[in-house]
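Before any comments, here is the structure.
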Amino acid sequence: MKKIVLGIAGSSGAIYAKVMLDRLVRLQSQLDEVGIIMSENAQINWDLEI
């Protein structure tokens with residue numbers, strides 16, 4: 003059972019998180035669960051950058 007939690011902070015973390023999530027999608031058959039914790043500033047940057 004493999005679980006991953008991805009923490010995303012403000013600054014320019016959104017683009018790195020997107021790259022990581024894209025790679026985790028490719029590994030979904032090997033993972034049971036992926037969770038995301040995102041700060042408010044990260045959410046703002048995500049909306050602007052992604």
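Under the working numbering, think of the first position of the sequence shown as 3, with each following residue one higher.
Just so it is clear, CB atoms sit at the ideal spot from N, CA and C, and this is done for glycine as well.
The structure displayed is predicted, hence computed values, not measured ones.
Just to confirm the assignment, what range does the alpha helix (DSSP H) spanning residue i have?
i	result
M3	First-last for M3: undefined, no H or E at that position.
A11	First-last for A11: undefined, no H or E at that position.
L26	G15 to R28
Work out the CA separation of residue j and residue i for me, nearest whole Å.
i	j	result
G9	L33	17 Å
K5	Q30	11 Å
I17	M3	28 Å
Q45	I38	11 Å
D59	R28	Within the shown structure, residues of the chain are numbered from 3 to 52, placing residue 59 beyond reach of any answer.
S41	A19	12 Å
Specify, as a first and last residue, the run of the beta strand (DSSP E) that residue i falls within.
i	result
G37	E35 to M40
Take the Cβ of residue i as the centre, count every other Cβ of all protein chains shown within 10 Å, and call the residue buried at 16 or more, exposed below.
i	result
G15	buried
Is the beta carbon of residue i less than 9 Å from the beta carbon of residue j?
i	j	result
L23	V36	yes
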